[in-house]
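K.L.:
Read in order, the letters of the sequence shown correspond to residues 1 to 350 in the UniProt record's numbering.
Positions of the beta carbon are idealized from the N, C-alpha and C atoms, including for glycine.
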Amino acid sequence: MKKGLFVLLVILISGCSEYTEPQESDIAVFERFLSEVTVSSDKNTINVASLYPPQDKLFDAVLAIQRNHWLKAIKELTPYAEKKDPDALFWLAQISYGSNPTENIKAGKMMLESAQLGNPYAALMFDPDNITCQMYFSRYCDKKWVSEAKAILAKQAEKGDVRAIFYTKKFKGNHDVYINAIIEAAKNNYYYPLVEHANDILNNSDSDKEMKILAVKLLNKSREAKFIPAIDSLIFYKEKNRRVKIKNTKEVIDYDREYYELINEGYQLGSNYAWDMSFLLSLDNKKLSDYDLYVKATASNLFNRNKHSLSLVKSITDSKKIEQANCKAQEIVDSIPKIIYIDGTHPTVD
């Protein structure tokens, strides 16, 4: 079973083509959007972009995937996959391929079943241009699956599926339609397209200062909606532009107030990256005792299986203190809201 391997479906369905490339003429369109739209302040905003509501049968399994608890996810998904649930088959296949040829074969069969049963994102996995298909599912790669996926998405769009509406419009291959689809998706609480477009601007060496300012504005608009990938992108952008070494590690970070605010915000919402960086930053905090650091390391391991954290702190030998630390760490993890931000086009996080 692979871990930390980014699935390249997002590149296939969301990657740059000529019509998706950022243009300066888009600035005015996005500025109008930024001036008009108001992000909901409802206390449940954190859940609006979630693929599954908390009461959904697959919620716990998908959350487990997001937090790197893949053994738990396999246990949760298997009964539904055996009953031929297309979504369960898709997710189980996603976390099954990459470790050895036998698992790749099993994963390919599950992904194929998912596609045959109507999951458009499983169907898109079999695009011959998708490197993941070439590497792991080559026997199934066929352009017919792209056509099948588009047909399924079109039907889902007719029923009001926000993601399907966006991708159906994107597949039209028209720049203006694409930009408007990004905006409409954001207005309907699907922020991935907005975040990805902002990232495209920031990662484009041809983007001028005005374009980059717009990109940061778009990320901050998504941040207002508590969308974790937007917060992560802002963190990455800061790290890229101002870097300071962290003690006892090879990590480097931006050392300003807003950086800490972003890390703390991401931590409180459940960003894997913010959790990892929060722990690394704590190593420089002289106010924390060895016990405090042990608790943080344990919490990090419980939250997203970051076992590396425990190797960076002093171990505890007193059994009572270990028990207390474990309980405190679990309380910290339990305080984090359960928000799912991965979806069919963004099925794994690092």
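(1) Thinking C-beta only, is A61 closer than 8 Å to E82?
(2) Quick one: grab the DSSP three-state call for A122.
(3) Measure the CB-CB distance between K338 and P54 and report whether it falls below 8 Å.
(4) Any idea what DSSP makes of H197, helix, strand or coil?
(5) With distance defined between alpha-carbon atoms, name the residue in K209, S17, S207 and N203 nearest to R236.
(6) With a cut-off of 8 Å, do at least 3 Cβ pairs link the stretch 145-161 to the stretch 117-127?
(7) Where does H69 fall in DSSP's three states?
(8) So, for K170: in the same chain, excluding its five sequence neighbours on each side, which residues have a beta-carbon less than 7 Å away from its beta-carbon?
(9) Strictly by DSSP, which residues pair up with H346?
(10) Going along the chain, which unbroken runs of the alpha helix (DSSP H) with 4 or more residues stay wholly within the stretch 271-345?
(11) Determine the direct distance from the alpha carbon of G173 to that of I65, and round the result to whole angstroms.
(12) Which two residues bound the contiguous alpha helix (DSSP H) that contains C133?
(13) Going by DSSP in three states, F33 sits in which element: helix, strand or coil?
(14) My understanding is that F227 touches Y191, with C-beta atoms under 8 Å, so please give their C-beta distance in whole angstroms.
(15) What is the DSSP secondary structure of L218, reduced to helix, strand or coil?
(16) Just verifying my parser: in three-state terms, what is the DSSP assignment at Y267?
(17) To the nearest angstrom, how far is it from the Cα of K321 to the Cα of A297?
(18) Buried or exposed, going by whether 16 or more other CB atoms sit within 10 Å of the CB of E196?
(19) Which runs of the alpha helix (DSSP H) spanning at least 4 residues fall entirely within the stretch 53-101, listed in chain order?
(20) Please report the distance separating the alpha-carbon of E224 from that of S335.
(21) On the CB-based measure, 16 or more other CB atoms within 10 Å of its CB, does P79 come out buried or exposed?
(22) Excluding five sequence neighbours on each side, which residues of the same chain lie with their C-beta closer than 6 Å to the C-beta of M211?
(23) Go ahead and pull the three-state DSSP assignment for L117.
(24) Could you give the uninterrupted runs of the alpha helix (DSSP H) lying entirely in the stretch 143-170, keeping only those of 4 residues or more?
(25) Pull up the CB-CB distance for A215 and A198, whole angstroms please, since I reckon it's below 8 Å.
(26) Can you tell me whether Q94 is buried or exposed, with buried defined as 16 or more other CB within 10 angstroms of its CB?
(27) Thinking just about the alpha-carbon of each residue, which of K314, E258 and S271 is nearest to the one in L283?
(28) Mapping the DSSP letters down to three states, classify N188 as helix, strand or coil.
(29) Helix, strand or coil for S205 per DSSP?
(30) I74 to D208, Cα distance in whole Å?
P.N.:
Let me spell this out:
(1) no
(2) helix
(3) yes
(4) helix
(5) Note that residue 236 corresponds to Phe in the displayed sequence, not to Arg. Out of K209, S17, S207 and N203, N203 has the C-alpha closest to the C-alpha of F236.
(6) yes
(7) coil
(8) Y178 and A181
(9) D343
(10) 272-282, 290-304 and 319-334
(11) 32 Å
(12) I131 to Y136
(13) helix
(14) 4 Å
(15) helix
(16) helix
(17) 14 Å
(18) buried
(19) 59-66, 70-82 and 86-94
(20) 21 Å
(21) exposed
(22) I201
(23) coil
(24) 144-158 and 162-170
(25) 4 Å
(26) buried
(27) K314
(28) coil
(29) coil
(30) 46 Å
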